[in-house]
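First residue of the sequence shown: 5, per my numbering; consecutive thereafter.
By construction, the Cβ of each residue, glycine as well, lies at the ideal position given by its N, Cα and C atoms.
Being a predicted model, the structure only gives us computed values, none of them experimental.
Notes to accompany the following structure.
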Amino acid sequence: MADIRNIVILTGAGVSAESGIDTFRGGGGQNGMGLWEKHRVEDVATPEAFARDPDLVLRFYDMRRAAIASKRPNPAHEALARLDAEWPKKQGRGLLLVTQNIDDLHERAGSARVLHMHGTTDAWCTACDARGAWLAPMMERPACPECGASALRPDVVWFGEMPYEMERIYAALSEADLFVSIGTSGAVYPAAGFVRDARELGARTLELNLARSEGSAWFDETRLGPASELVPAWVDEMLR
Ligand code: BJW
């Protein structure tokens with residue numbers, strides 16, 4: 005791995021599936037169904053769906069926040085935290101972990117540099133723009149601790165909204181020697197386009213997934229299997 009200095013890692017729902025958090029599009033979660041069960045995520049994870057039926061959306065995120073709090077990082081999160089700690093210590097080497105997941109399992113495993121491009125389990129006040137950690141239900145329309153308005157929503161990125169940290173992500177992709185995608189279906193842009201961007205900018209590209217993603221043809225290499233096995237083995241290779 006002597007020629008690799010800068011790594012960008014993208015994770016999706018598949019990295020948390022073995023912690024018991026269901027994926028969005030089925031397969032790999034605890035109950036084998038997509039997270040929204042009867043609904044296509046594209047129909048409900050939108051600002052329009054929230055305006056139309058806020059109870060449906062708030063109930064979903066209240067349940068999700070509680071479920072996430074009860075889960076633990078798995079060996080894939082732990083291996084990525086080991087890489088995060090060890091890789092940059094070798095002079096001049098950089099690593100960025102970009103996750104599409106709103107769960108905090110990367111942080112709880114010990115990863116320090118994590119960008120949540122689709123948000124977190126925090127609350128966002130649409131009246132005063134304050135953001136902060138939130139554990140209580142939002143269904144009851146609690147008041148914002150900053151301004152008192154009952155205008156909290158989950159601090160997540162829905163379809164049609166701009167993902168977070170895009171400038172930092174594209175800056176890291178432009179310097180990456182290796183782009184690694186872990187447990188994401190490649191169905192949602194702009195994340196699904198990172199492999200093409202990274203490749204065109206000169207990076208080697210590696211996919212670790214239970215099944216091939218939609219953009220699988222763009223990867224130089226694909227390894228198929230559960231993240232809890234593939235990721236620790238790949239991290240061992242990188243740190244050898
Ligand atoms: C395992 C495993 C195991 C299982 N081990 N692996 C037409 C063409 C192109 C784009 C568009 C278009 N029309 C509209 C768009 C844009 C739109 C979009 O992509 N739409 C698609 C439907 C086509 N995108 C947007 O609107 C985004 N914003 C945007 O584009 O802004 C403009 C912009 C322009 C230019 C630059 C930048 C911005 C916003 C997207 C927001 C997505 N939000 C959600 C919800 C977040 C909150 C929440 O968590 O509830 O994000 S949707 C949902 O999908 C969530 C996820 O992060 C995201 C991706 O899902 P992920 O992680 O890939 O999960 P799954 O379930 O799909 O896949 C699981 C994978 O795990 C599978 O591959 C399994 O094999 C694998 N797996 N078990 C390893 N044990």
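By DSSP's assignment, residue 211 forms a beta bridge with 185 and 226. A heavy atom of the ligand BJW is found nearer than 6 angstroms to the CB of residue 45. Burial check for residue 156: the Cβ neighbour count within 10 Å reaches 16 or more, so the residue is buried. For residue 59, the uninterrupted alpha helix (DSSP H) run begins and ends at 58-73, by DSSP. When distances are taken from the beta-carbon of residue 214 to the heavy atoms of the ligand BJW, the shortest one is below 6 angstroms. Between residue 139 and residue 13, the gap from beta carbon to beta carbon reaches 7 angstroms or more.
If you ignore the 5 residues before and after residue 135, its C-beta comes within less than 6 angstroms of the C-beta of 126, 128 and 159, all in its own chain and listed in chain order. Judged by DSSP in its simplified three-state form, residue 138 adopts coil rather than helix or strand. Counting every other CB atom within 10 Å of its CB across the protein chains shown gives residue 205 a total below 16, marking it as exposed. Counting the other CB atoms within 10 Å of its CB gives residue 148 a total of 16 or more, which places it among the buried residues. Rounded to whole angstroms, the Cβ separation of residue 153 and residue 131 is 4 angstroms, and the two are in contact under 8 angstroms.
The Cβ atoms of residue 80 and residue 118 lie no closer than 7 angstroms to each other.
The Cβ-Cβ distance between residue 199 and residue 209 falls below 7 angstroms.
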